[in-house]
Amino acid sequence: MKKAIVTGGMGFIGGWLVRELHKQGVYVIIVDKYIGDAVDNENTRHICCELSEINRLPELIPDRDIDIVFHLAWQGVSDADAGNYSVQLANVQAAVDLVGIAKQMEIPSFLGAGSLHEIEGRIEMEAQKPISNPRFAYKAAKYAAHCLAKAKAGENEIRFLWPIITNTYGYGDRSNRLINYFIRSVQSGTAPALSKGEQIYDFIYISDLAHALYLIGEKGVDGRDYMIGSGTLRPLKQWLEEAGRTIDPKVPLGFGAIKSNVVSIPEEAFQYESLFKDTGFAPEISFAEGIRLTAKWLLQR
């Protein structure tokens, strides 16, 4: 791998992936709607482009020696647009279109960012009862994009990779996702409102995630399922208890305060064998160390 496109390369995961690709000697073309004052250099080029304008890439990027496109851009992940059907359908269309663009630009490989929310969505669908989760549209759209982009890639003989990311966190994440919410609450001395924490979870620090994405892009097998995590499975309560002890053991934790929209993924759904076997990936940052690094960064903001 010598040259790659990264959509969403100015975001949390995308930014860390760009750093990892640079570390591996890869030239990166960042495609993002947020470019600002970013400056091109010998390792990077920035292309300002909305997902709705993704079909302009062949004219914006004349290169025909790109090895892979990492598609990380997605509207409405952890905000109100997660439940916006129009936004989520547009995400699906952009992912499918980008596979066709890869064919047009003679890019042989496509890697999209999957999510555990895909698995949660399928579990909710199979429960044979009404779905009341206001953010279900995001889950359904991620799975639809996975299926349709994979089919499009097969038709066009594009190597297709769609690793499922378990739960990532770390330095640079400005969202209010679970770990950030938890750390901010404990740092302020406030008990975070949590579910009972009985569901099985795994977490992976952002630098380890970026390295795993690079390795899958470099060594992953066309069409094979990959899941990215630390490989350690335990109830969410145990993870958060460790995080609480790491930050401030005196602050109480509000387990059981949240009772709705809790989906439990079965342990057998977490499959890491392909990741470890095909790529040789091994995480380097322990959960406690990752929590310390994240907490330190949040305090400095």
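FYI, the numbering for the sequence shown is 16 to 316, going by the numbering used here. Beta carbons are placed, not taken as given, at the ideal position from N, Cα and C, and that holds for glycine.
Under a Cβ-count criterion, where at least 16 other Cβ atoms within 10 Å of its own Cβ denotes burial, should Leu314 be classed as buried or exposed?
With fewer than 16 other Cβ atoms within 10 Å, it is exposed.
Measuring CA to CA, which of Ala310, Arg307, Gln286 and Trp312 is closest to Leu131?
Checked all of Ala310, Arg307, Gln286 and Trp312; the closest Cα to Leu131 is Gln286.
Which stretch, first to last residue, makes up the beta strand (DSSP E) that contains Cys63?
Unbroken beta strand (DSSP E) run through Cys63: Thr59 to Cys63.
How big is the Cα-Cα spacing for Val102 and Lys265?
In a straight line, the C-alpha of Val102 is about 42 Å away from that of Lys265.
Buried or exposed by the 16-neighbour rule on C-beta atoms within 10 Å, applied to Gly40
Answer is exposed; the Cβ neighbour count stays below 16.
If you draw a straight line from the C-alpha of Arg239 to the C-alpha of Phe218, how long is it?
Looking at the two C-alpha atoms, the distance is approximately 22 Å.
Quick check on the DSSP output: what are the complete alpha helix (DSSP H) runs of length 4 or more inside the stretch 213-252, in order along the chain?
As far as the stretch 213-252 is concerned, its whole alpha helix (DSSP H) runs of at least 4 residues are 221-234.
Considering only residues of the same chain and omitting the five flanking positions on each side of Leu308, which have a CB-CB separation below 8 Å?
Cβ contact annotation for Leu308 (same chain, cutoff 8 Å, sequence separation greater than five): Gly185, Tyr186, Tyr220 and Ile300, in chain order.
Nearest-angstrom Cα separation, counted from Lys234 out to Ser147
Using only the alpha carbons, I get a separation of about 40 Å.
Evaluate the contact criterion for the stretch 22-35 versus the stretch 43-62: three or more CB pairs, one atom per stretch, below 8 Å.
Contact between the stretch 22-35 and the stretch 43-62 is established, with three or more Cβ pairs separated by less than 8 Å.
List the DSSP bridge partners of Ser130.
Beta-bridge annotation (DSSP): Ser130 is paired with Ile180.
Please name the residue or residues paired with His86 in a DSSP beta bridge.
Thr22 and Gly127, per the DSSP bridge assignment.
Report buried or exposed for Ser203, applying the criterion of at least 16 other Cβ atoms within 10 angstroms of its Cβ.
By the 10 Å Cβ count, Ser203 comes out exposed.
Residue closest to Glu257, alpha-carbon to alpha-carbon, out of Gly232, Val201 and Leu228
Looking only at Gly232, Val201 and Leu228, the smallest Cα-Cα distance to Glu257 is reached by Val201.
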